[in-house]
Each structure stands twice: as C-alpha cells, then as structure tokens.
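Some notes on the structure that comes next.
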C-alpha cells in the first residue's frame, strides 16, 4: 500500500539528493542497485524508522517531563549534535544496509518499473524520517546521561511509574465518564420513546372509544326509528310511514344526522 502511494510523491521529482549515487540507485558490491530495489529498501527503511521514531519521541517526552519537574533543565541543556548516541548511523550507511537486505530478500509487491522520480521523492521522505529519528535518539541519550550523572535515574523511574499510573487512572475515569454519559442518553432516549408511545396509545384509545360511542348511538337511533315506523304502519297501513314523511325514514329534517360530529337535533 505504501508503494502505491509513492505515485503521489512524483511531484517532488525536482528535488535534488545529497549525492548522485541515489539518483542512479545505490551501489552495493560494485553493482548499481536498480530503481525497484532502491525503492523497496527506502520503503522498508522508512517504515522501520517511523515506528522507532514514535517510541523515541514518547521516551523523550517522558524524560523532558521529569527534567522540568525536577528543575534540571539548565543543568541538562540540549545535545550538541543529533549523531551523538550509541546507535548513530548516517542515512547513507543505513540505506546501503537496507539495499543489501532488499537484494537478498526482495519485496514481492514492488513494481518492476520504478522510476528515478519515485526514488528521489521517497529518498526525501525517508531521509526526513531518518534525521528525525537520529535527533530523537540523541535527545533521549543526552537526557538519560544527564540523569545518570546527577544520580537521578532511580528517582526518574519512580516518577515515570507514578505518571503511568496516573495516566492510566485518568484514562479509566474518562472511559467511565463516557460510558455513563452514553447510558444516560440511552435511558433518556428510551424514556422519550416510551412517552411518545404512551401518547400515541392514549390517542388511539380515545379514537376507538369515540367510534364505539358513535356506533352505539347510531344503533339505538336506528332501532328507535324502525320501531316508530313499524307502529305507524300497523296503525295506518303498509308504507304509510314513508308516505307521510315524504320518503324520509327518520322524519322531515329530524333524526340522527350520521357520521362523526352528528347526533340528535
């Protein structure tokens, strides 16, 4: 995946390198490495250096925190060079080792048509990462040597452990706080949903009750009207009720109006 993202660095092809050997591929064992081998070596070197850089920066941050808390800033000062540490190595030396390794065990995912522009771009990126790593490692060793010379290493280890514990406790507390907030919101959402459902249920119940009342009222009215018609026809003859009330079974303008909102007039 990193190799595929190399394409985005071709815009940096105009950048110059520290030495002409890298633009032609790094020479090892008197044989020039081709662009694909150099590209694979640069990728592996940059990945490893970036990982170590994060560790070194974290260690440096802890050391600087202790130095500040112990008021040793002036006494410790800063390193005079980024290559003054036990694992110091120039970029060119590290790249030569990486190329030797790539030639012995090639990266199978690398393209075979790598270009000089890609090599230049990735060299610039890897050199930057490597220089930052060297600086961080120099800072770590400088501060460690300072604490050792002041007899503060044991105190630093105790302080660092307490800081780790405090950081862990703060992280756990934050996680509990976030979890509690999430549970509270979930409970509020559930309560809101329950209220909404109760409101809907009450509305449905009221509508059903109104329908039943309407149906019962209509039934009583129709039964009463039919009874009146029956008695009228018994007294005055068949169909006399309708003829008397102009075809209106329920009377002239009277009776049940029908539908919701109706009733007796």
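Residue numbers (my numbering): 517 to 781. Using N, Cα and C, we set each Cβ at its ideal position, and we do this for glycine too.
- Look at the region 623–710 and you find these whole runs of alpha helix (DSSP H), each 4 residues long or longer: 632–665.
- Going by C-alpha positions, residue 730 is about 39 Å away from residue 704.
- Taking 8 Å as the cut-off, the Cβ atoms of residue 603 and residue 653 count as close.
- Within the model, the alpha-carbon separation for residue 557 versus residue 667 is close to 42 Å.
- One Cα belongs to residue 722, the other to residue 739, and the distance between them is close to 26 Å.
- For residue 600, no alpha helix (DSSP H) encloses it, and the DSSP letter there is neither H nor E.
- With a threshold of 16 other beta carbon atoms within 10 Å, residue 642 meets it and is buried.
- Inter-segment contact for the region 646–661 and the region 567–582 is present: three or more beta-carbon pairs are separated by less than 8 Å.
- DSSP, read as helix, strand or coil, puts residue 581 in helix.
- In the structure shown, the three-state DSSP call for residue 593 is coil.
- For residue 620, the enclosing alpha helix (DSSP H) covers residues 607–620.
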